[in-house]
Amino acid sequence: MTNWQLIEDVRTRNPLVHTITNIVVANDSANGLLAIGASPIMAAAVEEMTELGEMADAVVINIGTLNADLVAAMLLVGKAANAAGKPVILDPVGVGATTFRRETVRRLLAEIQFAVIRGNIGELASIADVQWQSRGVDAGFGDAERAADIALKVARKHRAVVAISGAVDTISDGERVVTIQNGDPLLPQITGSGCLLSCVIGAFVGITEDYFEATVTASASYALASEYAARKLDEPLPASFRVAFIDELASWQTHDQAKLANIKEVR
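Take the working numbering: the final residue in the sequence shown is number 634, and no numbers are missing along the way.
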């Protein structure tokens, strides 16, 4: 369920990851992709989307700061990537918060075949039509034991790998479910840490056809990088952690993922 060689393969192959993301996280997302050896494009003009969808090794669609023009761009690039056989990743930021977000995600899911859908438990619960107490774009509260059921339901319905990020990550391809119990508590204190993970997953799925293996490997490696970063801090301060975390992504080929990753198959 993991392939640690992908870490080195991303650096060697330098996958081109086109990301339509939100204005809050674009800089960190681009820097994080560069750190792991990928090549980011952060374009949003409708006029470029067909070419970029064909050109990129993977496309990441993030709905964090939506507007009508971006929705049009997302649909164009997603369809172009589908036609070219390139994987598309959906990050449905705050999908349950407003009608516009819910309707946009419904349309994206209806018109684009996604390879991976990654979000927090509240976002995936909204897609699964499972009641969950979310607040804005935050995960909110609910029965975390239901994460496996939600991941399975969404994965089967949309024929995609589903990654639910949180204190415990839950990943399913519609048949298997694994959990990852790694990561430092400072990670969610950095805005856009989940958005960057979606981009990192995009880089991994852009170089392999095994999207489940790529998603598990990327998610575990990402969580472990946060642990390495936290250990280098004199004090647990978020700004210092943010810098250290990007540095650890740049050197994560030195991490002992095979030994330290706490991955369990639960279904």
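Every residue gets a Cβ at the ideal spot worked out from N, C-alpha and C, and that includes glycine.
From a predicted model like this one, the values you see are computed outputs, not experimental measurements.
{"Asked": "Runs of alpha helix (DSSP H) lying entirely within the stretch 504-559, each at least 4 residues, in chain order", "Found": "514-525"}
{"Asked": "Delimiting residues of the beta strand (DSSP E) encompassing G486", "Found": "V483 to N487"}
{"Asked": "Distance, W619 Cα to A402 Cα", "Found": "9 Å"}
{"Asked": "Residues near V528 in its chain [Cβ-Cβ closer than 6 Å; skip 5 each side]", "Found": "V483, D540, Y578, F579 and T582"}
{"Asked": "For I630, the three-state DSSP class (helix, strand or coil)", "Found": "strand"}
{"Asked": "Residue range of the unbroken beta strand (DSSP E) whose run includes D458", "Found": "V455 to D458"}
{"Asked": "Cβ neighbours of F481 in the same chain (closer than 7 Å, five flanking residues each side left out)", "Found": "V455, I456, L457, H525 and A527"}
{"Asked": "D601 to D551 span [Cα, whole Å]", "Found": "15 Å"}
{"Asked": "Span separating the alpha-carbon of F612 from that of S565", "Found": "16 Å"}
{"Asked": "Buried/exposed call for L554, threshold 16 Cβ in 10 Å", "Found": "buried"}
{"Asked": "Limits of the unbroken beta strand (DSSP E) element including S406", "Found": "S406 to I408"}
{"Asked": "Rounded distance between the beta-carbons of V544 and A515, thought under 8 Å", "Found": "5 Å"}
{"Asked": "The beta strand (DSSP E) enclosing I387, as first and last residue numbers", "Found": "L383 to I387"}
{"Asked": "Pick from T537, R523 and I430 that is closest to Q320, judged by C-alpha positions", "Found": "Since the first and last residues shown for the chain are 368 and 634, residue 320 lies out of range."}
{"Asked": "Spatial neighbours of K520 in its chain, beta-carbon cut-off 7 Å, leaving aside the 5 residues before and after", "Found": "A495"}
{"Asked": "Euclidean distance between Cα positions of A439 and V413", "Found": "7 Å"}
{"Asked": "Local Cβ density within 10 Å of N389, reported as buried at 16 or more and exposed below that", "Found": "buried"}
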